[in-house]
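A.B. asks: Here the sequence shown stands for residues 223 to 296, numbered as in our numbering. Pasting in a structure now, in structure tokens, and then I'll have a few things to ask.
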Amino acid sequence: MTRLTEALQTLGLKGEINLSGRWVRIQGGRFSVYVAEADWNAGYYTWCDDREERAVEFYLDPTEAIRAGLQRAA
């Protein structure tokens with residue numbers, strides 16, 4: 223289990239997890255949130271399915287990345 227999937231479970235959230243566990247899609251309030259693990263466990267990228275919120279943000283912690291993405295999608 224990856225740190226990303228562990229963070230998702232710790233937060234009590236459900237989402238679509240790819241087979242390797244390196245990215246997840248979570249349904250936010252207004253649109254989907256994606257969180258992906260960077261190469262070599264360097265951190266986590268998050269972005270949303272919103273044409274106006276297309277910015278990709280980088281976080282070192284998977285829990286922080288998930289929370290930030292969900293906040294943007296609320």
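Idealized CB from N, CA, C, for every residue including glycine.
#1: Under the rule that 16 or more other beta-carbon atoms within 10 Å means buried, what is L230, buried or exposed?
#2: Provide the residue(s) that pair with V257 in DSSP beta bridges, ordered along the chain.
#3: Considering only the beta carbon of each residue, do R252 and D283 sit closer than 8 Å?
#4: How many angstroms separate the CA atom of L235 from the CA atom of T227?
#5: So, A258 versus W245, is the Cβ gap smaller than 8 Å?
C.D. replies: Once the coordinates are examined:
#1: Numbered from 1 along the sequence shown, position 8 holds the residue referred to as residue 230. Label assigned to L230: buried.
#2: Start at 1 with the first residue of the sequence shown, and residue 257 comes out as number 35. Answer is V246, T268.
#3: In the sequence shown, the residue the question calls residue 252 occupies position 30. In the sequence shown, the residue the question calls residue 283 occupies position 61. For R252 and D283, no; Cβs fall outside 8 Å.
#4: Locating residue 235 in the sequence shown gives position 13, counting from the first residue. Locating residue 227 in the sequence shown gives position 5, counting from the first residue. Their Cα atoms are separated by approximately 10 Å.
#5: By one-based count along the sequence shown, residue 258 stands at place 36. By one-based count along the sequence shown, residue 245 stands at place 23. Yes.
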